[in-house]
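Student: This is the structure, below, for whatever I ask next.
Right, here's the structure in full:
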């Protein structure tokens, strides 16, 4: 079985080493009897790489990403593991961070962008924030705000936001405490211009926020479109308006929570995997 969750066939930089890797990847595809992808947008891209006879014998199935919440995350580890003394320092820092965040939230709107800083083989990532900076600077003159960037490259953050004329900060990705911080944001920003890479991205980041009732502004990627009623898609001209008053978007976000629990909980996604793995083998 091959599970794919990105368009790994891209090589926008023309890297010869990656070209060799992709050639080996394509050569190995006939070894698999089952293919799964994490988003509908990724399905035709993988299908296009499969020989016709393989595509007919091993159809590509879509199995979504489970949406984690603080409660669901507790199911992944035992209580002794979660409370291991080796984690006490991290828990203490996270508690102080959350306390500071709540104090700041009484003074300024708390905004967040989170994700991988970027990829060597495709454009996107943190660089997508660049086009929002002038709008955020203008909005900050109407409404105090602070942007938190959660990612895996502080260097890239400093390159992009080092001169931004509004309050901002960087926080490294922290699996144990990220969801708690996410749940206390006023607005999550997910800019992503349509490219061969982003068109295949799943709705996971958007649903992580909506699952906690956090408002989201995003670009209209294919896998985001079914959730248009619960967020602001392609409304960057209204960014300042949503920052000043995020309450209407928060109401829409909370309305998405039952559907997310029904279709994207760990239980729901486990059922999708069971169905995929138990399907009769075609070859």
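Numbering (the working numbering), first residue to last: 26 to 308. From the three backbone atoms N, C-alpha and C, an ideal C-beta is built for every residue, glycine too.
1. On the criterion of 16 or more Cβ atoms from any shown chain inside 10 Å, does residue 93 qualify as buried, or is it exposed?
2. Going by C-alpha distance, which of 274, 206 and 232 is nearest residue 125?
3. What would DSSP say about residue 33, mapped onto helix, strand or coil?
4. When we look at the beta-carbon of residue 131 and count the other beta-carbons within 10 Å, is it buried (16 or more) or exposed?
5. Assuming residue 89 and residue 290 make a contact with CB atoms under 8 angstroms, what is their CB distance in whole Å?
6. I think residue 63 touches residue 30, with their Cβ atoms under 8 angstroms apart; what is that distance to the nearest whole Å?
7. Count the other CB atoms, across all protein chains shown, that sit within 10 Å of the CB of residue 138; report buried if there are 16 or more and exposed otherwise.
8. Assess contact between the stretch 297–305 and the stretch 41–56, defined as three or more Cβ pairs (one per stretch) separated by less than 8 angstroms. Is contact present?
9. By alpha-carbon positions, which one of 69, 211 and 252 ends up nearest to residue 229?
10. Alpha carbons only, please: which of 173, 233, 263 and 79 is nearest the one belonging to residue 249?
11. So, at 7 angstroms on beta carbons, what are the nonlocal neighbours of residue 28 in its own chain, with the 5 sequence-adjacent residues on each side left out?
12. So for residue 197, helix, strand or coil by DSSP?
13. Nearest to residue 224 by CA position, among 193, 113, 43 and 71, is which residue?
14. What separation, rounded to the nearest whole angstrom, lies between the Cα atoms of residue 167 and residue 272?
15. Note down the Cα distance separating residue 32 from residue 82, rounded to an integer number of angstroms.
16. Going by C-alpha to C-alpha distance, which of 107, 178, 256 and 143 sits closest to residue 222?
17. Alpha carbon to alpha carbon, how far is residue 80 from residue 26? Give it in angstroms, no decimals.
18. With three or more beta-carbon pairs closer than 8 angstroms as the criterion, would you say the stretch 198–212 touches the stretch 148–165?
Tutor: Quick look at the numbers:
1. Counting the other Cβ atoms within 10 Å of the Cβ of residue 93 gives 16 or more, which makes it buried.
2. Measuring from the Cα of residue 125, the nearest candidate turns out to be 206.
3. Looking at residue 33 - three-state DSSP - the assignment turns out to be coil, as it is neither helix nor strand.
4. Here residue 131 is exposed. Its C-beta has fewer than 16 other C-beta atoms within 10 Å.
5. Not really, about 11 angstroms apart at Cβ, beyond 8 angstroms.
6. Contact flag correct, Cβ pair sits at about 4 angstroms.
7. The residue in question, residue 138, is buried, as its Cβ has 16 or more Cβ neighbours within 10 Å.
8. Fewer than three beta-carbon pairs drawn from the stretch 297–305 and the stretch 41–56 are found closer than 8 angstroms, and the two stretches are therefore not classed as touching.
9. The closest CA to that of residue 229, considering only 69, 211 and 252, is found on 252.
10. Residue 233 is the option with its Cα nearest to residue 249.
11. Setting aside the 5 residues that flank it on each side, residue 28 is surrounded in the same chain by 61, each with a C-beta closer than 7 angstroms to its C-beta; the list follows chain order.
12. Here residue 197 sits in strand by DSSP.
13. Per the Cα distances, 71.
14. Looking at the backbone, the Cα of residue 167 and that of residue 272 are separated by about 17 angstroms.
15. Whole-angstrom Cα-Cα distance: 22 angstroms.
16. The shortest Cα separation from residue 222 among 107, 178, 256 and 143 belongs to 143.
17. Roughly 14 angstroms separates the two Cα atoms.
18. Segments in contact, no.
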